[in-house]
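The structure under discussion appears below in the form of structure tokens.
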Amino acid sequence: MVNYKSWLKEIDDNTKISRLSIPGTHNSAACHTALPSVQCQGASVTDQLEHGVRFLDIRVGKLFLKEGDEAKDLQVIHGKFPVKIPFAEKLTSVLDEVYDFLAHNKSETVIVSLKQEGSDDWNNSQDEFGNLIWDKYINPHKNKWYLNTDIPRLGDARGKAILFRRFGVQNEDRRREFGFDAASWKYNCEEDDRGSFVVQDYCEIQSGEIDKKIGYVKNLANKAKDYTNGNDDKIFLNFTSGSNFFDRECWPQQVAIAMAKGGIQDHFKKGSGIIVLDYVESNNWEFSKKLVDTNF
């Protein structure tokens, strides 16, 4: 029986993460009291990791109603909204959960996707956001991160967080030590191949389009399986999430229910890539367990 808390222990060190089926979560820390259109998970980040999740999607922005350095004690947000009310969920707290999990499960690795959302008043031509992430969150804990730009082998990443960088960096020297570059892909894409990674992130859906979204998820899962059967040079990233703030039927929990009814789990096979889920704890962690099991 698979131990989902330490399932990577059973996989060979030479295996690249791109060859695996990996459960991930969309807006991973959006598991607190918040607007119902903002919440995406019903279990904490620690619970997710202990049930096999190995990709975390974290979006951060400045603290609301703060200025200067105080505003840059980053909080986790979903679009324009905080994922926790009335008190902010700080990025520091989420990363501490990751570090604590890895300290107690040294066979594991966790892919951490970091993205800037919220206010647009960053001077990113001068790497303001990137420099803040480096100086405040990464460099002081550098020994806890895998920061090479390649797709790592498990043996090189065990016990560490792999940075999946969803923000641009202008400084070429810094880019060489700042993790896997996933700074951009086409917005609302059915499939976008960026060379080292392929993404399905069709996210702006209407209630009549959920079946179409389900089809895109199944299609990329099948393509990933066929590709990774003989290759390990691309990461396949497949978002099951989609939302429409103005349509309750397209809020995260409703879309997650539709995904299960639509049978996406029938397309989870060995090498399906990273499947990014909402409400991953549903049905006793069914999707996460099924994805992990395909690796064996």
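Just so you know, we're using the numbering used here here: the sequence shown kicks off at 66 and counts up by one.
Don't be surprised by glycine CBs; every beta carbon is placed ideally from N, CA and C.
Spatial neighbours of valine 125 in its own chain (CB-CB distance under 8 Å, excluding positions within 5 residues in sequence) are listed in chain order as Leu139, Gln140, Val141, Ile142, Leu156, Leu179, Lys180, Gln181, Glu182, Gly183. Counting C-beta pairs with one atom in each stretch, the region 185-199 and the region 95-113 have fewer than three that are closer than 8 Å, which means they do not touch. A Cβ-Cβ separation of about 16 Å leaves lysine 299 out of contact with lysine 334 under the 8 Å criterion. In the DSSP assignment, alanine 99 falls outside any beta strand (DSSP E), carrying neither H nor E. Minimum Cα-Cα distance from glycine 307 among the listed residues Val163, Glu274, Gly107 corresponds to Glu274.
When secondary structure is reduced to three states using DSSP, aspartate 291 falls in the helix class. Judged by DSSP secondary structure, alanine 226 falls within the beta strand (DSSP E) whose first and last residues are 226-230. Isoleucine 123 is not a Cβ neighbour of valine 175, given a cutoff of 8 Å. In the structure shown, leucine 179 falls within a strand segment according to DSSP collapsed to helix, strand and coil. Valine 141: member of the beta strand (DSSP E) spanning 140-143, first to last residue.
Residue ranges of uninterrupted alpha helix (DSSP H) with 4 or more members, entirely inside the region 209-288 and ordered along the chain, are 219-222, 237-240. Within the same chain, Cβ atoms closer than 8 Å to the Cβ of isoleucine 87 are found at Arg119, Phe120, Ile176, Gly338, Ile339, Ile340, Leu356, the five residues on either side in sequence being excluded. The way I'd put it, the region 77-84 does touch the region 208-223; three or more beta-carbon pairs between them come closer than 8 Å. Secondary-structure assignment with DSSP links proline 205 through no beta bridge to anything. Here tryptophan 210 really is in contact with isoleucine 203; their C-beta atoms are around 6 Å apart, less than 8 Å.
Rounded to whole angstroms, the gap between the alpha carbons of serine 172 and asparagine 284 is 31 Å. Leu100 is the residue among Asp258, Leu100, Ala247 whose C-alpha sits nearest the C-alpha of isoleucine 150. Under the criterion of beta carbons closer than 8 Å, aspartate 258 and arginine 84 do not qualify as touching, at roughly 18 Å. For proline 147, the closest C-alpha among the options Leu130, Asp134, Val345, Asp161 is that of Leu130. For serine 158, the enclosing alpha helix (DSSP H) begins and ends at 156-169. The alpha helix (DSSP H) runs lying completely inside the region 287-359 and spanning 4 residues or more are 317-326, 347-359, given in chain order. Distance from the CA of valine 263 to the CA of asparagine 303, rounded to the nearest whole angstrom, comes to 8 Å.
If you look at aspartate 122, you'll find it isn't in any alpha helix (DSSP H); it sits in the beta strand (DSSP E) that goes 120-126. Residue environment: methionine 324 is assigned as buried (16 or more neighbouring CB atoms within 10 Å of its CB, all protein chains considered). By a beta-carbon distance limit of 8 Å, isoleucine 329 contacts valine 282. Their separation comes to about 5 Å.
For glycine 195, the uninterrupted alpha helix (DSSP H) run begins and ends at 193-197, by DSSP. Aspartate 200 and glutamate 154 have their alpha carbons spaced roughly 20 Å apart.
For threonine 90, the enclosing beta strand (DSSP E) covers residues 86-90. Burial state of glutamine 235 is exposed, judged by a 10 Å Cβ sphere holding fewer than 16 other Cβ atoms.
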